[in-house]
Each structure stands twice: as C-alpha cells, then as structure tokens.
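Participant:
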Amino acid sequence: MIEISQDTSQTARSMPLHPFGGDTPTTNLDLILALLIAFGLPWLTLGVLHWTGGALTSLFIYYVVCGVLLYRWRLGSLDYDRPTRWPWAMFLLGVLLAGAITFRNWNAFADAGAPWWGIWLTAVIWGGFNAALEQFSWLYVLLAWRNRWSAGWQQKLGLIIGSFLLLTLVTLIHIIFWAEVLPEARQTSATWLTVPLNTLLTLSYVVMYFQARSFWPTFLVHFLVDLQIVILARYSIVPYL
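Here the sequence shown is numbered in the working numbering, starting from 1074 and rising by one per residue.
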C-alpha cells in the first residue's frame, strides 16, 4: 500500500497543473474568431492607435483581450507551465535565427537617440511583455483550426489553414501596426534575408511550443529578438504610448 501511494503521489506531482492548449479541441466558434483575428486585429489596432493617439490601448487589445483572455477562455490554459522537456535543437536554432536577424539589422536602424532610461524600460518591460504575450494570438489562430478535427483530411486542411492564418497575422500585425510604432530598418545588402529569417523564426516558435508543451522556450528566443531591436536602434517605446 505504501509503494502504491508513493507512486500515485509521484505521478500526481509530474502531471501538469493545467491542460495543454495545443491538445484542446476547438469548435466552429474558434474558426470564426481565428479568421476575425488574423484579418481584423491588425486593422483594429491601427485604428485604435490613430483614434487614441497612442499605442497603449492597442497593446491592451492585442496582448490582453485578443491574447491572454481569448487564449485562456477558448483553450483553458496559458501554457506557461514548466516544459515537459527542453527542445534544445530547436531552441538553439531559434537563438541562431535571432543572431542572424541581428546581423541583418546591423547598421539598418537610424539612431532613435532615446534616453538611457527609456531604452532600459523598453528593453526590460516592453521586451518582456511582448515576448511573453504576443504569441497568444498567433498560436490561437493556428490551434483554432488545427484542433477542430481529430483525424482525416479535415485535420490536414485545418492545419494548413491554421498555419496560413498564423503567418498572415504575424505579417499583417507587423506591416500594419508595428510599422507605426517600432523603428524602421533601412534597406541594406542583407534586406533580402528579412522574410525567410522571420518566417523560419515564427515556425521555430511553434515547434518549440509543441515540443516543450510550454511557451517558455519561445519566450526566451522572442525576448532576444525584441532586445536587439531596442539596442541597435537605441529605441524607446515610451513616446509612442
């Protein structure tokens, strides 16, 4: 009896605290919400940015309403539990991609000339929040379609559509919204690397998420990518809020 109790206790301790969002079945409502977010959220954040004259409300909509709250409501978790395993190969690939993006951006940003405290606040606070929260909406639009069907051609089609919506949202939110807030990189001899590097980086985020069954590895790589923008451009987001 003692051995059984100990085994049960150990099993309970090894189980995750919350369900994994990547396994959560979705409904037709999620299909509609994913379409609205992928094609509508970038324009909504831009409209609110122009209407309010600052990015703070748009960031709240992006990070919290269409990120944390929607993900938790529809998938039942936030997926920041301890990773079931660390995806070392994909994590190292993500770090290498972050380094390659830094190389692409070297001397590509005009010096924003922000004060040191603005750079520090942007690097630590915005960089941390963005790296932790931005991928909630990204992964949601993928999972909404990927998890709708459990087998057959519908599952394959759902994965294809979800992947398309993920890349669409990532592309549109950067072209439409972030282009109004973040520093713009000038054309350089390495500009052609932008699209392939960022596409591979986005896909690495997804693979790390599924391999770790957690957002933590994705967060760390994403934070490095955000950090290089702030440092290279000497940029502060504070005036844009």
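All C-beta atoms, glycine included, are put in the ideal place defined by N, C-alpha and C.
Can you tell me whether DSSP reads F1112 as helix, strand or coil?
Facilitator: Note: F1112 maps to helix in three-state DSSP.
Participant: So what does F1034 bridge to, in DSSP terms?
Facilitator: The displayed coordinates of the chain run from 1074 to 1314. Any statement about residue 1034 would go beyond what the structure contains.
Participant: Using only CA atoms, which one of R1286, A1187, L1166, W1251 lies nearest to L1297?
Facilitator: L1166
Participant: Could you tell me the distance, in whole angstroms, from the CA atom of N1178 to the CA atom of A1204?
Facilitator: Roughly 19 Å between the two C-alpha positions.
Participant: Under 8 Å, with one C-beta from each stretch per pair, do the segment 1276–1294 and the segment 1157–1165 reach the 3-pair mark?
Facilitator: yes
Participant: Can you find the residues in the same chain that come closer than 6 Å, C-beta to C-beta, to R1286, ignoring five residues on each side of it along the sequence?
Facilitator: F1093, T1157
Participant: Decide yes or no for the touch test of the segment 1218–1227 against the segment 1096–1103: beta carbon pairs closer than 8 Å, at least 3 of them.
Facilitator: yes
Participant: Using a Cβ-Cβ cut-off of 6 Å (strictly less than) and excluding sequence neighbours within five positions of H1247, which residues of its own chain qualify?
Facilitator: none
Participant: Considering only their Cβ atoms, is the gap separating Y1153 from W1265 smaller than 8 Å?
Facilitator: no
Participant: Does the distance from the C-beta atom of S1309 to that of G1127 stay below 8 Å?
Facilitator: no
Participant: Closer than 8 Å by C-beta to T1275: which residues in its own chain qualify, once you throw out the five before and the five after it? Chain order, please.
Facilitator: W1211, L1239, L1240, V1243
Participant: For T1157, which of helix, strand or coil comes out of DSSP?
Facilitator: coil
Participant: Rounded to whole angstroms, what is the Cα-Cα separation between I1110 and L1270?
Facilitator: 24 Å
Participant: Quick one: grab the DSSP three-state call for S1082.
Facilitator: Any reading at S1082 must be qualified, since the residue scores a pLDDT of 43, below 50, and its modelled position is unreliable; the value itself is stated next. Helix at S1082.
Participant: My output table needs one value for I1310: the three-state DSSP class, helix, strand or coil.
Facilitator: The three-state reading of DSSP puts I1310 in coil, since its state is none of H, G, I, E or B.
Participant: Which residues in the same chain have their Cβ closer than 7 Å to the Cβ of L1245, if we skip the five residues on either side of it in sequence?
Facilitator: P1115
Participant: Write down every uninterrupted run of the alpha helix (DSSP H) in the segment 1117–1175 whose length is 4 residues or greater and which is fully enclosed by it, in chain order.
Facilitator: 1129–1133, 1143–1148
Participant: Exposed or buried, which one is R1259 when buried takes at least 16 other CB atoms within 10 Å?
Facilitator: Under this definition R1259 is an exposed residue.
Participant: Rank V1168, Q1227, L1194, P1188 by C-alpha distance to the C-alpha of M1281 and give the top, closest one.
Facilitator: V1168
Participant: With a CB to CB cut of under 6 Å and the five nearest residues on each side skipped, what residues in its chain are close to L1108?
Facilitator: none
Participant: Would you tell me roughly how many angstroms separate the C-alpha atoms of S1223 and G1235, rounded to the nearest one?
Facilitator: 14 Å
Participant: Between which residues of its own chain and Q1301 is the CB-CB distance below 6 Å, once the five residues before and five after are set aside?
Facilitator: Within the same chain, T1175 come within 6 Å of Q1301 by CB-CB distance, once the 5 residues on both sides are set aside.
Participant: Please go through the same chain and pick out, in chain order, the residues whose beta-carbon is closer than 7 Å to the beta-carbon of Y1313, but skip the five residues on each side of it.
Facilitator: G1127, A1128, V1254
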